[in-house]
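In the numbering used here, the protein residues as written are 704 to 853. Note that the Cβ used here is the ideal one computed from N, Cα and C, for glycine as well. Worksheet for the structure shown next.
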């Protein structure tokens, strides 16, 4: 994998070879901080990992991302959810790891089910949040925050 400069997405993470579904792509590494940043991943209600390395260049994609975190490992591992071709951008749904995204943005993911904005798990519909929790698609921290909303 390598990071590239892209005219649409800015810095982006690209596969340099075939990645099979289920294969590990990257491990969540970095300094644990209490304040979120544009490159951080939320790991508890008040803790974030300020990612280092290539993970910070993985793009957001609303509902048809090609990667997702395995929340059963420590540290979390980003895995391919389908086969990924060489030169394909690596993407995951930021709403699966961020309760309230610190630097919200208009989404340009081109998903058929694009939400239009990346705001964070908190701002998803109750049905979508419940579905993500039931399927284990969001982090344990977000699952806990969701249960506290009720």
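Burial state of residue i (16 or more Cβ within 10 Å)
i: residue 721; result: exposed
i: residue 735; result: exposed
i: residue 850; result: exposed
i: residue 796; result: buried
i: residue 744; result: buried
i: residue 710; result: exposed
i: residue 719; result: exposed
i: residue 799; result: buried
Whole-angstrom distance between residue j and residue i, CA atom to CA atom
i: residue 712; j: residue 788; result: 18 Å
i: residue 777; j: residue 803; result: 23 Å
i: residue 732; j: residue 815; result: 31 Å
i: residue 786; j: residue 739; result: 31 Å
i: residue 819; j: residue 764; result: 10 Å
i: residue 805; j: residue 724; result: 30 Å
i: residue 748; j: residue 737; result: 9 Å
i: residue 835; j: residue 706; result: 29 Å
Proximity test, residue i beta-carbon vs the ligand ZN heavy atom, cut-off 7 Å
i: residue 720; result: This structure simply doesn't include the ligand ZN, nor any ligand for that matter.
Residues that residue i bridges to, as DSSP identifies them
i: residue 754; result: 733
i: residue 707; result: 715
i: residue 744; result: 752
i: residue 727; result: 782
Which residue spans inside the stretch 768 to 842 form an unbroken beta strand (DSSP E) run of at least 3?
770 to 773 and 780 to 783
How do the stretch 746 to 754 and the stretch 824 to 841 stand: do at least 3 beta-carbon pairs fall below 8 Å, yes or no?
no
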